[in-house]
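Protein chains in written order, with our numbering: chain R, 3 to 156; chain S, 393 to 510.
Every residue, glycine too, gets a C-beta built ideally from N, C-alpha and C.
Some notes on the structure that comes next.
Structure, rendered in structure tokens:
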């Protein structure tokens, strides 16, 4: 009888402990992450759409308006990263702040800023391309391969 | 309506990136996501599958990095039509010169002017 009560109490304590751990440990909630990524990523693209319509209204062609929009979004991403705002957004948004072109700008500014004390050549100049380098390497590689395949199929 | 489509499609592309991060091994970094989106966008574009998404969603398709891949692929294809084989090497970067130069210039200025905090 006594043994049973003790066991019961121990199980209760373990259950309490489990609930405590559950409440403290960070939640890797897939659904919540996806909702956050959707909202922030969508909002960034909506701002991009505003600029796209604005530049189209200024008489730029479709390609020029898209290029001007990309440049503007890169400017905003770089500025917000410098001000320390973009990393705060990133903690909340996950991929929602990585996938848009503002995330590309963030990936250039953040390491360059971090390693500035190593000088303007190997610090800023080199670290700017920690992430942008691979993106440009594979982007250029694939666009050349696609061009060559298109040339051969013509 | 344009804004709703840009929001929804852009948001969904980001969800695809989030699922990739959360459902695969933890060694997937933002660099992998960005390279993957550029490569994926370029391949879809070459197959003629990305332009319809751009027509449908505008900035919702061009602002995610897959839009950069699309622009690279279409630049290369358009330049091959005009200049032949030389265009395969010139077209992709030519089409994205503004974006790349903006990234280098604004990125450099921001990194020099600001200091990391915390």
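Practice prompt. Can you tell me which of the three DSSP states residue 444 of chain S falls into?
Written response: helix
Practice prompt. Examine chain S for any beta-carbon lying closer than 8 Å to the beta-carbon of residue 91 of chain R, and answer yes or no.
Written response: no
Discussion item. Give me the DSSP bridge partner(s) of residue 456 of chain S.
Written reply: R:102
Practice prompt. Identify whether residue 509 of chain S lies in helix, strand or coil by the three-state DSSP scheme.
Written response: coil
Worksheet item: What whole-angstrom Cβ distance do residue 450 of chain S and residue 397 of chain S have, given they're in contact under 8 Å?
Response: 7 Å
Discussion item. Let me see if you follow: with CB-CB separation under 8 Å, is residue 96 of chain R close to chain S or not?
Written reply: Residue 96 of chain R counts as touching chain S.
Practice prompt. Starting from the C-beta of residue 133 of chain R, find all residues in its chain whose C-beta is less than 6 Å away, skip the five residues before and the five after it, and write them out in chain order.
Written response: 109
Item to complete: May I ask which residues mark the beginning and end of the alpha helix (DSSP H) holding residue 64 of chain R?
Response: Counting along the chain, the unbroken alpha helix (DSSP H) around residue 64 of chain R starts and ends at 64-84.
Worksheet entry | Reduced DSSP secondary structure (H/G/I, E/B, other) of residue 500 of chain S | Under the three-state reduction of DSSP output, residue 500 of chain S falls in the helix class.
Discussion item. Report the CB separation of residue 452 of chain S from residue 402 of chain S in whole angstroms; it is logged as a contact under 8 Å.
Written reply: Right, the Cβ-Cβ distance comes to about 4 Å (below 8 Å), so this counts as a contact.
Practice prompt. Examine the Cβ distances between the stretch 71-85 of chain R and the stretch 493-505 of chain S and report whether three or more of them are shorter than 8 Å.
Written response: yes
Worksheet item: With a cut-off of 8 Å, does the C-beta of residue 35 of chain R fall near any C-beta of chain S?
Response: yes
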